[in-house]
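Residue numbers (the working numbering): 3 to 292. Idealized CB from N, CA, C, for every residue including glycine. Following: one structure in structure tokens, then a few remarks.
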Amino acid sequence: MRPLALLMLAGGSTMLTTSCATSGTGSPLVLQARTRTAAGPADETLRWDPRKTAVVVVDMWDDHWCKGAAKRVVELAKAMDPILRSARERGMFILHAPSSTVAFYKDHPARKRAQAAPFAKSPAPITSDLRWGTGWCWPDKPREPDLPIDDSDMGCDCATTCAIREAWTRQIDLLHVDPARDAISDDGQETWNLLKERSVENVIVMGVHLNMCVLGRPTAIRQLVRHGLRVVLARDLTDSMYNHRKKPHVVHHAGTDLVVEHVERWWCPSISSTSLTGRPAFRFSDDPRP
3 MRPLALLMLA GGSTMLTTSC ATSGTGSPLV LQARTRTAAG PADETLRWDP
53 RKTAVVVVDM WDDHWCKGAA KRVVELAKAM DPILRSARER GMFILHAPSS
103 TVAFYKDHPA RKRAQAAPFA KSPAPITSDL RWGTGWCWPD KPREPDLPID
153 DSDMGCDCAT TCAIREAWTR QIDLLHVDPA RDAISDDGQE TWNLLKERSV
203 ENVIVMGVHL NMCVLGRPTA IRQLVRHGLR VVLARDLTDS MYNHRKKPHV
253 VHHAGTDLVV EHVERWWCPS ISSTSLTGRP AFRFSDDPRP
């Protein structure tokens, strides 16, 4: 295997004839996944056991130094929370990974659950490089080309560029953390311990920002793919840090779509949230495209 519902379908999304959201606990997840080759996009149907599937929520912080990014996280969280609740009830394991803020949760059962998971040797080395408060998986030059967007200015798309500051303190409270079932970690080894303890084979990754943390954090795509897990990106439940004034000079959300295509080509397939809800995919309210 190669590596909520609000408004209207995002481009390229495919509706399912059977909604996973209405299926019973333990019944297979049926996911319409999209991968990409030099010839263009290709679809495949994945059938996963929800009890062997985890959802990793990356860096959905309570605030951000970029006002536009913070606004989009609020909107995204409102769509994401009911999806996580449904996934949890179907037997999927939810890992919240609000990087560099886990100390906020030091007494939370979900944090203690991550710390208590027994050590498991990882099949691939866990990155020892550091960036922005956690381990970091840098772009893999032999595997992937440069990203299709220029994020060298850190990607603030606001009319007046926001000053970079340490804005976040925790995960946004619009996302429920179940103290009895979920875990909280931003650590690559803890993540692997948790997944191994639960015999997880499949991972759905969502959160922000795709061109940075959703690819690079030790809880996220590059590291999980290297471990040999079956990974998919929830392509409508993510965002990018991209300034439309930089190359390739497209609107913000088109820039995100280009990074999705990069992930599909070089790292893992993507799914729409439609595969989890049977409803139209999430779409940001400020997306100006038809």
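Compare the beta carbon distance of residue i and residue j with 7 Å and say whether it is the shorter of the two.
{"i": "residue 150", "j": "residue 260", "result": "yes"}
{"i": "residue 192", "j": "residue 116", "result": "yes"}
{"i": "residue 59", "j": "residue 218", "result": "no"}
{"i": "residue 49", "j": "residue 30", "result": "yes"}
{"i": "residue 271", "j": "residue 216", "result": "no"}
{"i": "residue 181", "j": "residue 111", "result": "yes"}
{"i": "residue 96", "j": "residue 57", "result": "yes"}
{"i": "residue 65", "j": "residue 72", "result": "yes"}
{"i": "residue 119", "j": "residue 196", "result": "yes"}
{"i": "residue 212", "j": "residue 240", "result": "yes"}
{"i": "residue 36", "j": "residue 45", "result": "yes"}
Which residues bound the beta strand (DSSP E) around residue i?
{"i": "residue 239", "result": "232-240"}
{"i": "residue 97", "result": "95-99"}
{"i": "residue 45", "result": "42-50"}
With 16 as the cutoff for other CB atoms within 10 Å, does residue i come out buried or exposed?
{"i": "residue 276", "result": "buried"}
{"i": "residue 206", "result": "buried"}
{"i": "residue 76", "result": "exposed"}
{"i": "residue 269", "result": "buried"}
{"i": "residue 68", "result": "buried"}
{"i": "residue 285", "result": "buried"}
{"i": "residue 255", "result": "buried"}
{"i": "residue 291", "result": "exposed"}
{"i": "residue 266", "result": "buried"}
{"i": "residue 160", "result": "exposed"}
{"i": "residue 220", "result": "buried"}
{"i": "residue 247", "result": "exposed"}
{"i": "residue 264", "result": "buried"}
{"i": "residue 188", "result": "buried"}
{"i": "residue 99", "result": "buried"}
{"i": "residue 134", "result": "exposed"}
{"i": "residue 282", "result": "buried"}
{"i": "residue 113", "result": "buried"}
{"i": "residue 166", "result": "exposed"}
Using the DSSP secondary-structure output, state which residues sit across from residue i in a beta bridge.
{"i": "residue 36", "result": "45, 272"}
{"i": "residue 186", "result": "98"}
{"i": "residue 204", "result": "55, 232"}
{"i": "residue 252", "result": "The partner list for residue 252 (beta bridge, DSSP) is empty, contrary to what the question assumes."}
{"i": "residue 136", "result": "133"}
What residue does the alpha helix (DSSP H) around residue i start on, and which one ends it?
{"i": "residue 171", "result": "It is not in any alpha helix (DSSP H) - residue 171 carries neither H nor E in the DSSP assignment."}
{"i": "residue 222", "result": "It is not in any alpha helix (DSSP H) - residue 222 carries neither H nor E in the DSSP assignment."}
{"i": "residue 190", "result": "190-199"}
{"i": "residue 69", "result": "69-91"}
{"i": "residue 113", "result": "111-118"}
If you run the structure through DSSP and keep just helix, strand and coil, what is residue i?
{"i": "residue 228", "result": "helix"}
{"i": "residue 258", "result": "helix"}
{"i": "residue 104", "result": "helix"}
{"i": "residue 145", "result": "coil"}
{"i": "residue 60", "result": "strand"}
{"i": "residue 267", "result": "helix"}
{"i": "residue 177", "result": "coil"}
{"i": "residue 212", "result": "coil"}
{"i": "residue 279", "result": "helix"}
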